[in-house]
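Engineer:
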Amino acid sequence: MSYILRSSTPSDAAALAALGTDPDAPRGLNEADLFVYPRHETWLAEHGDAVIAAARLCLAPHSGLALLTDLAGETAPLLALVGELTQHALGQGAATIQAAAPTGSALADALGEHGFTVQRRVVHIRWRLPSPPPGDPPLGIAFAEEIPDPEEYARLSVAAYRGSWDWLFDHWGGDIAARRNFARLFESPRDERFIGARQQGELIGFVSTGSGEVVPGDFSTFGVLVRPAMRGQGIGSYLLLRALQVLASRGATAAEMHTTAPSQGDPAAVRLYLRHGERKEDVAILRRSGHS
Ligand SMILES: CC(C)(COP(=O)(O)OP(=O)(O)OC[C@H]1O[C@@H](n2cnc3c(N)ncnc32)[C@H](O)[C@@H]1OP(=O)(O)O)[C@@H](O)C(=O)NCCC(=O)NCCS
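Numbering (the numbering used here), first residue to last: -3 to 288.
1) Rounded to the nearest angstrom, what separates LEU64 and PRO263 at their Cα positions?
2) For LEU236, does the count of other Cβ atoms within 10 angstroms reach 16, so buried, or fall short, so exposed?
3) What do you get for LEU270, buried or exposed, if any count of 16 or more other CB atoms within 10 angstroms of its CB means buried?
4) Among LEU181, GLU198, GLU252, THR99, whose alpha-carbon lies nearest the alpha-carbon of SER127?
5) To the nearest angstrom, how far is the alpha carbon of SER204 from that of ILE121?
6) Pick from ALA173, ALA138, LEU181, ARG124: whose alpha carbon is nearest that of GLY192?
7) Could you tell me whether the segment 109 to 124 touches the segment 273 to 286, where touching means 3 or more Cβ pairs closer than 8 Å?
8) Taking contact to mean at least 3 C-beta pairs separated by less than 8 Å, is the segment 153 to 164 in contact with the segment 172 to 179?
9) Exposed or buried, SER101, counting other C-beta atoms within 10 Å across all chains shown (16 or more means buried)?
10) For ILE231, count neighbouring Cβ atoms within 10 angstroms of its own Cβ and tell me buried if that reaches 16, exposed if not.
11) Please classify ILE143 as buried or exposed, where buried requires at least 16 other C-beta atoms within 10 Å of its C-beta.
12) If TRP163 sits next to ARG116, beta carbons under 8 Å apart, how far is it from one beta carbon to the other, in whole angstroms?
13) Considering only C-alpha positions, which residue in the set GLN260, VAL279, GLN196, ALA248 is nearest to ASP166?
14) Whole angstroms are fine: how far does the CA of ASP145 sit from the CA of VAL279?
15) What did DSSP end up calling ALA248 once you bin it into helix, strand or coil?
16) What is the chain-ordered set of residues for which the beta carbon lies under 6 Å from any non-hydrogen atom of ligand 1?
17) According to DSSP, simplified to helix, strand and coil, what is PHE293?
18) What does a CB cutoff of less than 7 Å around LEU125 pick up in its chain, not counting 5 residues either side in sequence?
19) Using DSSP bridges, identify the partner residues of HIS120.
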C-alpha cells in the first residue's frame, strides 16, 4: 500500500513514528513529504530518533523525502539528519530525494554541495491571531465544519489546482494519479479538520483548520481552494478568515502555512494569504536523483 504523509507538526511526527511501531499501520510510503521544524530543538531531540526510525521503515523506491526547516544558524545537526536519511533512502533505491531549506541559507548551500538542485520556491506565511472577523458569508453558499469525503475532496482538488500547479500533476504522473494521491491525503489519519463551502449541496471550496500544533499555540494550516468557476466572489477570503477564527478559538496565537511561490503556484492564493498575513523567509525545495 502506498501512502502519503506530511509531517509538519509534533502530532504528525507521532503519527509517523506510529508507522514504525504499530503493526496495523500502513507501510511503504511512495511519496513522503516529511516536514520537520527543528528550530524547536527540544522537539527534535525528543522525536528525532523516532522520525529517523520511521523514515527507515517507510521509505520505499520512488520516495521523496522533504525536510523543511526555518532554522537559522545551526545547520550541523540538520545536515547530519539529511545525510542519514539521504543515505538510507539511497540504500532503499529511492528514485528522488527532496529536501527543503530557507532560500539562500547555509543549509540550502550545503545541500547544493550534496547534489541537490532547487526545484521550486515556497512562500512561508504567518498570521497573528486573532485575525479580522470573516464578516457575512457570500450569498447562497453554506459553510460548515466537516469530515472530508476523500473522493469528493480529491475531485475538487484536481479541478482547483489544475492550471496553476501543473508541476504537481507532472510530478505525480497525471490527473488520475493526482486524484488518487489527493484522496489519500484526505484519508490520512491526521488530526485535521475542514470547513467546506457548498452551493446547493455541491462542494465548491474548502479550507483546513489546521493539522496540529507547530509550537504551543501556533498552528499550521492547509491551503484554501475554490472551484475555478466560483472564484472572485469572496469565497476564498471568507474560508481563510473562518479557518483562522477557528484556530484562534482553540487558543492559537498564530497560524502558518507554506504555499508554492507565485511563478509556480497560484498568484491569487499568495495575494489572498498576504492580505492578512506576513511573509516570512521563502523556502527552496531541492531535489536530487537517487541514482547519481
Ligand atoms: C486562491 C483561491 C482560493 C482564491 O479563491 P477566491 O474565492 O477567488 O477568493 P476571493 O474571491 O476571496 O478573492 C479573489 C479575488 O477576488 C476579489 N474579490 C473578492 N470578492 C469579490 C467580489 N465580491 N467581487 C469581485 N471581486 C471580488 C478579491 O479582492 C481578490 O482579488 P485579487 O486576487 O486581485 O486580490 C483560488 O484562486 C484557488 O482555488 N486557487 C487554486 C488553489 C490554490 O492554489 N490554493 C492555495 C493552496 S496553498
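Glycine included, each C-beta is placed from N, C-alpha and C at the ideal position. Computed from a prediction, not measured in an experiment: that's the story for all the values here.
Structural biologist: According to the data block:
1) The predicted model places LEU64 with a pLDDT of 42, which falls under 50 and marks its position as unreliable; any figure quoted below should be read in that light. Approximately 22 Å, taken between the alpha carbons.
2) buried
3) exposed
4) GLU252
5) 15 Å
6) ALA138
7) yes
8) yes
9) buried
10) buried
11) exposed
12) 7 Å
13) GLN260
14) 31 Å
15) coil
16) ALA156, TYR157, SER160, GLY219, VAL220, LEU221, VAL222, ARG227, GLY228, GLN229, GLY230, ILE231, GLY232, SER233, THR255, GLY261, ASP262, ALA264, ALA265, ARG267, LEU268
17) Examination of residue 293 is not possible in this model, given that the chain is present from -3 through 288 alone.
18) LEU240, LEU243, ALA244, ALA248, THR249, ALA250, ALA251
19) HIS254
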